[in-house]
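Trainee:
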Amino acid sequence: MSAFFQLAALFLLLNVGAGLLRILRGRTTADRLLAVQLFGTTGTAILILLSLATGESAYQTIALVFAILAGVLGIVFARYGQPSAPASAQSQELKHELN
Amino acid sequence: MHDTEKAVSVGRRRLTWQQSLDVLLRGATFAALWWILTEGDNAAWVLGIPSVAAATLISLAFVPPTVWQVRPFGALRFGLYFLSKSLLSSVDVARRVFQPHIPIKPRLVRYPLRVREVKAQVIVANSASLMPGTLSVNLADDVLTIHALDVNAPIREELGILEERVAGIFGIRLEERTE
Amino acid sequence: MSLIDLITILLIGAGCFFFLAGTLGLLRLPDVFTRSHAITKADNVGLMLIMLAAALQVETWATRFKLGLIWILTLTASATVAHLIGRAALNAEQKPWEEST
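Chains as they are written, first to last, in our numbering: chain V, 57 to 155; chain H, 18 to 196; chain A, 635 to 735.
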């Protein structure tokens with residue numbers, strides 16, 4: 057079973073890697089927030105799988121802290137991560153990215 | 018609220034029995050959290066009891082005791098509705114993204130909320146994001162702005178049901194919309 | 635292999651499938667709103683299934699509740715962050731993608 061858990065964790069890690077490609081291409085506030093979301097959820101799942109693979113419950117504690125920090129990060133982004141550049145410039149950048 | 022006969026005294030403040038219930042529930046919640054975090058280790062209660070007491074007092078300093086409004090049956094009903102819908106939502110996402118041409122027709126939808134209580138509005142907004150085809154993108158002036166994945170889906174009907182379920186948690190009665 | 639282990643493998647397999655769907659959505663969908671749709675919904679169900687599998691494997695109820703607590707926290711954070719993404723994009727006057735006809 058341990059090998060299966062490790063394999064699943066590796067698969068999710070590849071998912072995060074693929075998601076990072078997407079986020080690297082889009083450099084807006086909204087895209088960075090997507091990274092927070094991706095790491096929050098997939099990261100938690102990977103840690104839980106590692107706790108199952110190793111039988112080490114410390115991974116669950118890390119997952120718990122991860123989950124709490126994901127919420128705090130969201131609040132910090134909301135408070136301080138608002139686009140400071142003129143809104144039109146930001147949307148121009150995004151339109152360019154979409155085309 | 019003015020139930021002074023049944024009031025008990027906590028510190029210098031007099032609490033109604035409903036407020037006392039709130040204090041007890043907070044204590045019980047913190048105790049449950051401690052039990053979970055220490056994985057049921059009995060020896061840890063030496064530190065746990067003072068910690069739970071401190072956490073309860075700190076929470077009372079930030080949020081004064083209120084009257085507990087949650088209806089257990091309503092909360093359960095909402096929970097089951099939410100679980101089944103959130104399962105469906107990810108099946109819906111999977112169904113779309115595995116197709117060669119992703120079938121979506123996104124639009125922004127303005128949804129005037131019938132519930133006025135902020136906490137209920139926040140639950141509606143956050144739940145909507147985890148349900149099929151809807152993503153809440155703004156909540157202001159009793160209007161929820163939804164990004165709909167498919168404009169042809171019955172968005173307003175679904176949101177209406179969600180709103181009723183959330184209102185059911187707090188026992189709020191929704192008025193018919195006047196438009 | 636025990637029945638519990640078999641169910642665990644099925645749950646984790648299904649969980650990974652939904653994570654894959656979320657990532658595919660992230661890569662293939664046209665704008666930040668639709669991408670957020672995909673990862674918010676798919677990843678949370680993926681996590682839920684993996685948490686259920688973990689609940690079958692761990693030994694104590696305290697640990698199961700801990701897993702549940704982690705799931706609820708992640709769920710709340712994810713839904714909140716999804717809302718903030720949408721709001722940030724709207725504030726940046728980003729127009730949601732519409733299919734060009």
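Beta carbons are placed, not taken as given, at the ideal position from N, Cα and C, and that holds for glycine.
Can you tell which of L32(H), L97(H), T151(H) and V40(H) has the C-alpha that lies nearest to the C-alpha of T73(H)?
Mentor: Residue V40(H) is the option with its Cα nearest to T73(H).
Trainee: Assess contact between the region 681-692 of chain A and the region 128-148 of chain H, defined as three or more Cβ pairs (one per stretch) separated by less than 8 Å. Is contact present?
Mentor: The region 681-692 of chain A, when compared against the region 128-148 of chain H, does not touch it at the 8 Å Cβ threshold.
Trainee: Can you pull the chain H neighbours of A687(A), defined as C-beta to C-beta under 8 Å?
Mentor: Per Cβ cutoff of 8 Å: no residues; A687(A) is ~15 Å from chain H at best.
Trainee: Please look up how many angstroms separate the CB atoms of A109(V) and F653(A), rounded, as I've assumed it's under 8 Å.
Mentor: A109(V) to F653(A), Cβ: 17 Å. No contact.
Trainee: In chain order, what residues of the same chain have a beta carbon less than 7 Å from the beta carbon of N155(H), not counting five sequence neighbours either side?
Mentor: So the list reads T162, once near-sequence residues are dropped.
Trainee: Which two residues bound the contiguous beta strand (DSSP E) that contains P129(H)?
Mentor: Unbroken beta strand (DSSP E) run through P129(H): R124 to P129.
Trainee: Does the structure place the region 699-708 of chain A close enough to the region 70-84 of chain V that three or more beta carbon pairs sit under 8 Å?
Mentor: Segments in contact, no.
Trainee: Span of the beta strand (DSSP E) holding N155(H)?
Mentor: First-last of the beta strand (DSSP E) with N155(H): T151 to A157.
Trainee: The beta strand (DSSP E) with A165(H) in it runs from where to where?
Mentor: Counting along the chain, the beta strand (DSSP E) containing A165(H) begins and ends at V160 to A165.
Trainee: Would you kindly work out how many angstroms separate the C-alpha atoms of A696(A) and I124(V), rounded to a whole number?
Mentor: Approximately 18 Å, taken between the alpha carbons.
Trainee: Compute the Euclidean distance between the alpha carbons of P142(V) and A726(A), then round it to the nearest angstrom.
Mentor: Note that P142(V) scores a pLDDT of 40, beneath 50, so its modelled location is shaky; the value from the coordinates is reported in the next line. If you take the alpha carbons of P142(V) and A726(A), they lie about 8 Å apart.
Trainee: Taking C-alpha atoms, which residue in R173(H), E181(H) and P129(H) lies nearest to D158(H)?
Mentor: Per the Cα distances, P129(H).
Trainee: Cα separation between G185(H) and F95(H)?
Mentor: Straight-line Cα distance between these residues: approximately 8 Å.
Trainee: What does the Cβ neighbour count give for A145(V), buried or exposed, with the cut at 16 atoms within 10 Å?
Mentor: Below a pLDDT of 50, predicted positions are generally treated as unreliable, and A145(V), at 42, falls in that range; no measurement from the model is reported.
Trainee: Residues in its own chain within less than 6 Å of T55(H) by CB, not counting five upstream and five downstream?
Mentor: Closer than 6 Å at the Cβ level, and outside the excluded window around T55(H), lie A61.
Trainee: Take the Cβ of P81(H) as the centre, count every other Cβ of all protein chains shown within 10 Å, and call the residue buried at 16 or more, exposed below.
Mentor: So P81(H) ends up on the exposed side.
Trainee: Taking all protein chains shown into account, decide if K151(V) is buried (16 or more other Cβ within 10 angstroms of its Cβ) or exposed.
Mentor: Low confidence applies here, because K151(V) scores a pLDDT of 44, under 50, leaving its location unreliable and the question unanswered by this model.
Trainee: Do you know offhand how far I189(H)'s Cα is from A92(H)'s?
Mentor: Distance between the alpha carbons of I189(H) and A92(H): 12 Å.
Trainee: Give a yes or no on whether the C-beta atoms belonging to T694(A) and G44(H) are separated by under 7 Å.
Mentor: Their beta carbons are not under 7 Å apart, which means T694(A) does not touch G44(H) by this criterion.
Trainee: Around the Cβ of F79(H), are there at least 16 other Cβ atoms within 10 angstroms (buried) or fewer (exposed)?
Mentor: So F79(H) ends up on the exposed side.
Trainee: Is F764(A) near H164(H), with beta carbons less than 7 Å apart?
Mentor: Because chain A is modelled from 635 through 735, residue 764(A) falls outside the range shown and cannot be assessed.
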